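> One structure, pasted below without further comment.
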Ligand SMILES: [Zn+2]
Ligand SMILES: [Zn+2]
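In the working numbering, the protein residues as written are 62 to 509.
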């Protein structure tokens, strides 16, 4: 299975028909380009997470044809398998500075950093990767520097959105590049390969900047300590929370290893504002309750996370009392509900007040993915010949297919991991063209 100079193909090995472990291969002129290299998490209730990655055998067996690996953003479902898989691939990696900072830490932990050819690219720049010209297009999402990739070859061009939403006030970083997206309508995009996560949700996503009021009111209402749990990579959320704490006379600390790592990456790449002072978590226990605010890992009920330890009174830096308030500024990832419910029960037994974003009247969490009207707006700007929905389960991909049909996109193709989507010279799909599978990786990164 070798693409020639007239061919332009997409072969997903992960992330098509599921949300997690994204790995896409683009094929053209005897070469392959990998886009993202992520993991997914499998967990039996109460047990430790097991990290799972796509079986890369297809590309490992033709590794000399892999021109490079582009990573669109630093979420684990896009980058989490890179350091595990890279020794079998040894291809150059391309990404923006924030993502590079996260990747460097992962490679350093495996003592691989000195071997990695890492090309840091600026947003709105172009990389030549074998026969693929890759333009990095600024999108918005729930992490710094989310990039869509406009992939041009002599056979045709594809816009691979990766994860995105339209947020004109993302709190940190530049908003999505609307003029660039609009210009694509004139550029004959052969295929749009697009995020399906929220295609079943009508309307528009909530802006990250719209959460400040609801979060501030919750902190205002609290006499004791405030502990907020959110996804550690959402730097904008951390900045919003830190500013709220500061304005309301609280000292803010982050608790949990993944949070510390993400703040370090944000500082190193200029995304952490100078006015957002954090204190060392070890000082929290000495402050009056009403002056304490902690941002903690554990929104998914993870057994070793900071929040879980607080619920068990085993956290070395912070113990909770009645009148304290734990706020979940995150949604429950499907499958994690039993662990989250158990965590909340333990907190409530201690007399701690708990607020969950799903049950709260005000907006205190925003998804990073596009809803139906945003998808239609993107179709209208890009005007592709073909839509290929990815990054979703069957129902999400079907919903996006329907939306694209209503919007007048001439062709749509939905498939599964291992299906070969032929985009040029003719549109067709070859089912089960490549072997796929799931590989378990040893330990998970500790939550704290
Ligand atoms: Zn994703
Ligand atoms: Zn993402």
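Virtual Cβ for every residue (Gly too), placed ideally from N, Cα, C.
In this text the structure is predicted, and so the values were computed from the model without any measurement.
Assuming contact is defined by CB atoms lying nearer than 8 Å, are residue 303 and residue 339 in contact in what I supplied?
Mapped onto the chain shown, residue 303 falls at position 242. Mapped onto the chain shown, residue 339 falls at position 278. Yes; because the gap between Cβ atoms is below 8 Å, this pair is in contact.
> Taking the alpha carbon of residue 367 as the point to measure from, which residue in 297, 290, 482 and 99 has its own alpha carbon closest?
Within the chain shown, numbered from 1, the residue matching residue 367 stands at position 306. Of the listed residues, the one whose Cα sits closest to residue 367 is 290.
> Can you grab the Cα-Cα spacing for the pair residue 278 / residue 148, in whole Å?
Indexing the chain shown from 1 puts residue 278 at position 217. Indexing the chain shown from 1 puts residue 148 at position 87. Approximately 49 Å between the Cα atoms of the pair.
> Of the choices 71, 66, 142 and 126, whose alpha-carbon is the least far from that of residue 100?
Residue mapping note: residue 100 aligns to position 39 of the chain shown, counting from 1. When each option's Cα is compared against that of residue 100, the closest is 142.
> Entirely within the stretch 273–339 and at least 3 residues each: give me those beta strand (DSSP E) ranges in chain order.
Those beta strand (DSSP E) runs which fall completely within the stretch 273–339 and span 3+ residues are 287–290 and 312–316.
> Counting C-beta neighbours from all protein chains within 10 Å, is the total for residue 27 16 or more, i.e. buried, or is it exposed?
Because the chain is modelled from 62 through 509, residue 27 falls outside the range shown and cannot be assessed.
> Taking only the alpha-carbon atoms, compute the straight-line gap between residue 430 and residue 256 and give it to the nearest angstrom.
Looking up residue 430 in the chain shown gives position 369. Looking up residue 256 in the chain shown gives position 195. C-alpha separation (whole angstroms): 7 Å.
> According to DSSP, simplified to helix, strand and coil, what is residue 389?
Position 328 of the chain shown holds residue 389. Residue 389: strand per DSSP, three-state reduction.
> Residue 29 bridges to which residues according to DSSP?
Look at the range of the chain in this structure, 62 to 509, and you will see that residue 29 is not part of it.
> Reducing DSSP to helix, strand and coil, say where residue 507 ends up.
The residue given as residue 507 occupies position 446 in the chain shown. Here residue 507 scores only 45 on pLDDT, less than 50, and its place in the model should not be relied on; the value that follows carries that caveat. The answer is coil: DSSP assigns residue 507 none of H, G, I, E or B.
> Restricting to Cα atoms, I'd like to know which of 68, 415, 311 and 234 is closest to residue 213.
Within the chain shown, the letter at position 152 stands for residue 213. That would be 68, whose Cα lies nearest to the Cα of residue 213.
> Please tell me whether, using a cut-off of 7 Å, the distance from the CB of residue 278 to the nearest non-hydrogen atom of ligand 2 is below it.
Within the chain shown, residue 278 is the residue found at index 217, counting from 1. Checking the Cβ of residue 278 against ligand 2 gives no.
> Just to confirm my understanding: we take residue 62, look at its own chain, exclude 5 residues before and 5 after, and list those with CB closer than 6 Å. What are they?
Within the chain shown, the letter at position 1 stands for residue 62. Around residue 62: no qualifying Cβ.
> What is the DSSP secondary structure of residue 90, counted as helix, strand or coil?
In the chain shown, the residue the question calls residue 90 occupies position 29. Of the three classes helix, strand and coil, the one that applies to residue 90 here is coil, per DSSP.
> Tell me, which residues are paired with residue 256 by DSSP?
In the chain shown, residue 256 corresponds to position 195, counting from 1. Answer is 451, bridged to residue 256.
> At a cut-off of 7 Å, is residue 224 close to ligand 2 when judged by its beta-carbon and the heavy atoms of the ligand?
Your numbering for residue 224 matches position 163 in the chain shown. The answer is yes for residue 224.
> Taking only the alpha-carbon atoms, compute the straight-line gap between residue 503 and residue 112 and give it to the nearest angstrom.
Residue 503 sits at position 442 when you count from the first residue of the chain shown. Residue 112 sits at position 51 when you count from the first residue of the chain shown. The straight-line gap from Cα to Cα measures roughly 7 Å.
> Can you check which of these residues, 136, 468, 128 and 486, is closest to residue 292 by C-alpha distance?
For this step, residue 292 is matched to residue 231 along the chain shown. Measuring from the Cα of residue 292, the nearest candidate turns out to be 136.
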